[in-house]
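Residue numbers (numbering that gives the first Met the number 0), protein chains in the order written: chain A, 0 to 124; chain B, 0 to 693.
Glycine included, C-beta positions come from ideal geometry on N, C-alpha and C.
Reading through the structure tokens given below for one structure.
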Amino acid sequence: MHRILIVDDEPNIVLALELLMKKEGYEVHTVDDGERAVQAAKELRPDLILLDIMMPKMDGYEVCQRIRSDALLKDVSIIMLTAKGREVEREKGLALGADHYITKPFSTRQVVMKVKEILAARSDR
Amino acid sequence: MAMNLTAARRKMFLYLAAGGIFLYAAVYSCAYLLILFQTTNPEVHTEIYFALALAACITAAIIFVLSMILRTLIFRPLEILDREARIIASINPGHVIELPGNHLLGELPKAISDLGEAFMRAKRETAEAASVISSDIENSKIHLETILMTLREGIIVCDERARIMFYNAAARAVFHENTSLGLGRSLYLLCMAAPIENALALLRQRRTRHPEGHDTENDISFMCSTLQGSLINCRIHLLPIVPGVSWSFLFTCEDLSREANARERRENLLRMTIKSMRGPLTSLGLNVESLEMLPDLDAVNRAALERTIVSDARSLIGQFTVLAREIQEQESSRYLVNDVFSEDLVTCVARRLEERKIRLTMIGAPLWVKADIHSLLFLLEFFAVKLHEHSGVDVLELETLLGDRHVYFNYYWEGVEVPQAEIGNWMSSFREPFSAHTVAEVLEHIGSEVWSKPHQTPGFAVLCFPVPSSTSQWEPPAPLLPARPVYTDFVADEDAAETVRLKDLSLDSLSFVVFDTETTGLAPMEGDEIISLAGVKIVNMGIIVGETFDRLVDPRRSIPQPSIRFHGITDAMVKGRPHIEETLQAFHAFVGDSVLVGHNAAFDMRFLRIKEGRAGVRFRGPALDTLGLSRYLHDHTPEHSLDAVAKRLGVEVRDRHTALGDSLITAQIFIKLLYLLKAQGITTLGGALEVSRQ
Chain A
0 MHRILIVDDE PNIVLALELL MKKEGYEVHT VDDGERAVQA AKELRPDLIL LDIMMPKMDG
60 YEVCQRIRSD ALLKDVSIIM LTAKGREVER EKGLALGADH YITKPFSTRQ VVMKVKEILA
120 ARSDR
Chain B
0 MAMNLTAARR KMFLYLAAGG IFLYAAVYSC AYLLILFQTT NPEVHTEIYF ALALAACITA
60 AIIFVLSMIL RTLIFRPLEI LDREARIIAS INPGHVIELP GNHLLGELPK AISDLGEAFM
120 RAKRETAEAA SVISSDIENS KIHLETILMT LREGIIVCDE RARIMFYNAA ARAVFHENTS
180 LGLGRSLYLL CMAAPIENAL ALLRQRRTRH PEGHDTENDI SFMCSTLQGS LINCRIHLLP
240 IVPGVSWSFL FTCEDLSREA NARERRENLL RMTIKSMRGP LTSLGLNVES LEMLPDLDAV
300 NRAALERTIV SDARSLIGQF TVLAREIQEQ ESSRYLVNDV FSEDLVTCVA RRLEERKIRL
360 TMIGAPLWVK ADIHSLLFLL EFFAVKLHEH SGVDVLELET LLGDRHVYFN YYWEGVEVPQ
420 AEIGNWMSSF REPFSAHTVA EVLEHIGSEV WSKPHQTPGF AVLCFPVPSS TSQWEPPAPL
480 LPARPVYTDF VADEDAAETV RLKDLSLDSL SFVVFDTETT GLAPMEGDEI ISLAGVKIVN
540 MGIIVGETFD RLVDPRRSIP QPSIRFHGIT DAMVKGRPHI EETLQAFHAF VGDSVLVGHN
600 AAFDMRFLRI KEGRAGVRFR GPALDTLGLS RYLHDHTPEH SLDAVAKRLG VEVRDRHTAL
660 GDSLITAQIF IKLLYLLKAQ GITTLGGALE VSRQ
């Protein structure tokens, strides 16, 4: 069973995503700020992280960069789910190591499809 | 003076005659008395009478011969000298005096020539001094004109009747190269008259109330639409009244269409989005509340409700996405951005960094970006300095890479990438000690982000920030500014002319058209036709360089060989040209109220008059003949061909035997003849016509 870590400081969104992922049969963990996200990632070693950018204390970009700089976490797939919709922000995210970038508001179907796609690719590796 | 000479001559002759008669009377009386005292023989008396009669005849003959000698050797040369001196004095100081060989004037001609030379020298020195001053003025003028031509604001100067006296290139652009925009044309051919006239009336009213009012009270801004339908922002500024200058008001304009369109688009978008979002938002709210209020709803209805909620949500998300994207696209055009070449920026920054002992080298091909230059320069320098502090390196490389819509400024250095946390610290520092903006805000302002990551080559790192790309990447450079404008600073007063009879008009005030024709031959009544017609306008005793008439005419017949040899116009050159009727109509429009002038004008006028009927035009009044004027003014010589007169008056001869060339020569000659006529006291058109016919 794939392990998914959801990082977002907005409870409504976390709730919705959690239900969704659980429904698909994934093991879900949630965190609501950046510092704890890095810690949780190191402890849990999830297969995929759904990462929001706009968070207090440590933003998603930093989380992503730190996770990527950790040798043990190199293989974690990261999908950025964020309200930062500008092209330059998307490029920054991808440049810092995200595998995919989805802007809010998004459709759940979109997220589910992407998650499935990425996890399938991981299995093939 | 000529009058005086003739009078002097007459007086001299009278003195001589009187002297002669007196002498004769004296001799006769003496002889008579002697004889009377000596003899009373009648035969001797007859002989004595005969001898006395003979003496009388001889005396008369001597008087006659003397007067002829005086005339040839003194009076005639004096007359000629007088005229030559006048030429030297008024129009051609370099003129060489031509006197017939024998004269008793001694060194007088040479003395006058020397005077002429001295005069010419003095004139030249004055002219040189004046040209130094005038070249300064000319330089200032060139500077001002250049400034006016480079302004992006359209500028049009008008006279009291809203006729255009001056305009710059930007004005042409604002009116989209409308051909109605031209010198002397009315401003109301371009814009609605009403708002402009209202503004002028208001400003003039203000001026009469406060003649010494501040400059700011002399203008009014408003928006108006052009007759082509675009919206412009304009300002009318009343110019101070300067006697002799006809500039009345300044009309400046800016094309608002593009900006107005963008604003309109954004407003429309917002309006439409709000309108279309109301529906789904309302139903979403209702349905969600229903779900809340009816927990025991049956499955079917519940499903239906849920489906509606989903569809409403999707619709809202869709509209929001569109709106967000549109707004984002319009964001960059809001700020005052410029197209700038990355090489120019980097060179500038590199020079500044040298002072801090940081070497910044540009690699790769430079690109065009569209951004606020000031912010961009700041960021480039800021990041370089920060990287130097972070990694300790003195050497940085900068490359620009082209993406879809952005150009990426990449710094490369030997070391590790900068952690986001540190970049975060950089972002919160202030741009300048007393600035209100943080670095983050500056980045935001140019629509950018910054990040750092390891370079492909191990041991090196990258710092990257994107900047919107510019279309100058692919567009050709803007066209050169057009040449300096020719503008007019006079106004012909048309109203006064109507009330005064032609002949009493002063030559100074008239406008003339000096014209010349080339024809197939010399006999207009026997089928010779005009093949070239040219005219040059003279106003205020000066040639108007920008307004000439020069047309070839299809004569509907072949041009004879000897004629071609004379003027060089062949059948091929006139084929397809307009016919004489059309050309005469255009020429008539060109001439308007001006007086026609020509060298041997009668010849050319004959050709014109024959075709007047067919062309449906009529050329007013007699034409002035420069040949006649020259004959009158310089009757001491028979040389009055165009070449001879030109040489005498110091006019350069160019393009001889072309209609336009000859017209120009004749025009310059005419102006000089006018000055000579003025010196002789002939100042009206009637006077000139009269003397030219003698």
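Open item on the list: Once DSSP output is grouped into helix, strand and coil, what is the label at Ser629 (chain B)?
Closed with: helix
- [ ] Measure the CB-CB distance between Phe514 (chain B) and Gly597 (chain B) and report whether it falls below 7 angstroms.
- [x] Yes. Within cutoff.
TODO: Could you work out which residues of chain A lie near His405 (chain B), taking near to mean beta carbons separated by less than 9 angstroms?
DONE: Glu86, Val87 and Glu90
TODO: Just the C-alpha distance for Phe118 (chain B) and Met604 (chain B), rounded to the nearest angstrom, thanks.
DONE: 40 angstroms
- [ ] With distances taken Cα to Cα, identify the nearest neighbour of Ile308 (chain B) among B:Phe618, B:Glu288 and B:Leu322.
- [x] B:Glu288
- [ ] Report the three-state DSSP secondary structure of Tyr407 (chain B) (helix, strand or coil).
- [x] strand
- [ ] Consult DSSP for His566 (chain B) and reduce its assignment to one of helix, strand or coil.
- [x] helix
- [ ] Under 8 angstroms by Cβ, that's how I've got Thr58 (chain B) and Tyr23 (chain B) pegged, so tell me the actual separation to the nearest angstrom.
- [x] Yes, Thr58 (chain B) and Tyr23 (chain B) are in contact; Cβ-Cβ is about 5 angstroms, under 8 angstroms.
- [ ] Sort B:Val690, B:Leu65, B:Met540 and B:Asp527 by Cα distance to Val552 (chain B) and report the nearest one.
- [x] B:Asp527
Open item on the list: Between which residues of its own chain and Leu268 (chain B) is the CB-CB distance below 6 angstroms, once the five residues before and five after are set aside?
Closed with: Glu325
Open item on the list: Rounded to whole angstroms, what is the Cα-Cα separation between Val650 (chain B) and Ser469 (chain B)?
Closed with: When rounded, the separation of the alpha-carbon atoms in Val650 (chain B) and Ser469 (chain B) is 57 angstroms.
- [ ] Check the DSSP bridge columns for Tyr100 (chain A) and list the partner residues they point to.
- [x] A:Met79
Open item on the list: Could you give the first and the last residue of the continuous beta strand (DSSP E) run that contains Lys452 (chain B)?
Closed with: Trp450 to Pro453
Task: Local Cβ density within 10 Å of Cys157 (chain B), reported as buried at 16 or more and exposed below that - done: Counting the other CB atoms within 10 Å of its CB gives Cys157 (chain B) a total of 16 or more, which places it among the buried residues.
- [ ] Just the chain B side, please: which residues come within less than 8 angstroms of Tyr60 (chain A) by C-beta, in chain order?
- [x] In chain order: Gln419 and Trp450.
Open item on the list: Could you give the first and the last residue of the continuous beta strand (DSSP E) run that contains Ile48 (chain A)?
Closed with: Leu47 to Leu50
Open item on the list: I'd like the list of long-range same chain contacts for Leu150 (chain B), defined as Cβ closer than 8 angstroms, with 5 residues on each side in sequence excluded.
Closed with: Asn167 and Ala169
Task: Sequence-distant residues of its chain with Cβ nearer than 7 angstroms to Cys347 (chain B) (five each side left out) - done: Closer than 7 angstroms at the Cβ level, and outside the excluded window around Cys347 (chain B), lie Leu376.
Task: Three-state secondary structure assigned by DSSP to Asp135 (chain B) - done: helix
- [ ] Take Lys356 (chain B) and list the residues in its own chain whose beta-carbon comes closer than 8 angstroms to its own, dropping the five residues that flank it on each side.
- [x] Cβ within range, chain order: Asp393.
- [ ] Give the secondary structure of Trp246 (chain B) by DSSP, where H, G and I count as helix, E and B as strand, and everything else as coil.
- [x] coil
Task: Spatial neighbours of His28 (chain A) in its chain, beta-carbon cut-off 8 angstroms, leaving aside the 5 residues before and after - done: Arg2, Ile3, Leu4, Ile5, Ala39, Leu43 and Pro45
- [ ] Look at Val173 (chain B) and Cys252 (chain B) and say whether their C-beta atoms are less than 7 angstroms apart.
- [x] yes
- [ ] Identify every residue that forms a DSSP beta bridge with Gly534 (chain B).
- [x] B:Phe514 and B:Phe548
Open item on the list: If you reduce the DSSP assignment to three classes, tell me which class Gly575 (chain B) lands in.
Closed with: coil
Open item on the list: Suppose you measure from the CA of Val512 (chain B) to the CA of Asp592 (chain B); what does that come to, to the nearest Å?
Closed with: 9 angstroms
- [ ] Return no unless some Cβ of chain D is closer than 7 angstroms to the Cβ of Ala370 (chain B).
- [x] Looking for chain D here will not work: the only protein chains present are A and B.
Task: Ordered list of alpha helix (DSSP H) runs contained in the stretch 22–68 of chain A, each at least 4 residues - done: Counting whole runs of 4 or more residues, the stretch 22–68 of chain A contains the alpha helix (DSSP H) stretches 33–43 and 59–68.
- [ ] Look at the Cβ atom of Ile537 (chain B), then the Cβ atom of Ala666 (chain B), and state whether they are nearer than 7 angstroms.
- [x] yes
TODO: For Leu95 (chain A), decide whether its Cβ has a neighbour in chain B, counting only Cβ atoms nearer than 7 angstroms.
DONE: yes
- [ ] Note down, in chain order, each residue of its chain lying with its Cβ closer than 8 angstroms to the Cβ of Leu676 (chain B), except the 5 sequence neighbours on either side.
- [x] For Leu676 (chain B), where only same-chain residues beyond five positions count, the Cβ hits under 8 angstroms are Leu506, Leu628, Leu632, Thr682, Gly686, Ala687 and Val690.
TODO: From the DSSP output, in three-state form, read off Arg205 (chain B) for me.
DONE: Under the three-state reduction of DSSP, Arg205 (chain B) is assigned to helix.
Task: Best match in B:Glu380, B:Glu305, B:Gly414 and B:Val441 for proximity to Asp371 (chain B) [C-alpha to C-alpha] - done: B:Val441
TODO: Please classify Met361 (chain B): does DSSP put it in a helix, a strand, or coil?
DONE: strand
TODO: Look at the alpha carbon of Gln97 (chain A) and the alpha carbon of Asp69 (chain A), and state the distance between them as a whole number of angstroms.
DONE: The displayed chain sequence assigns Ala, not Gln, to residue 97 (chain A). Approximately 14 angstroms between the Cα atoms of the pair.
TODO: For Pro55 (chain A), decide whether its Cβ has a neighbour in chain B, counting only Cβ atoms nearer than 7 angstroms.
DONE: no
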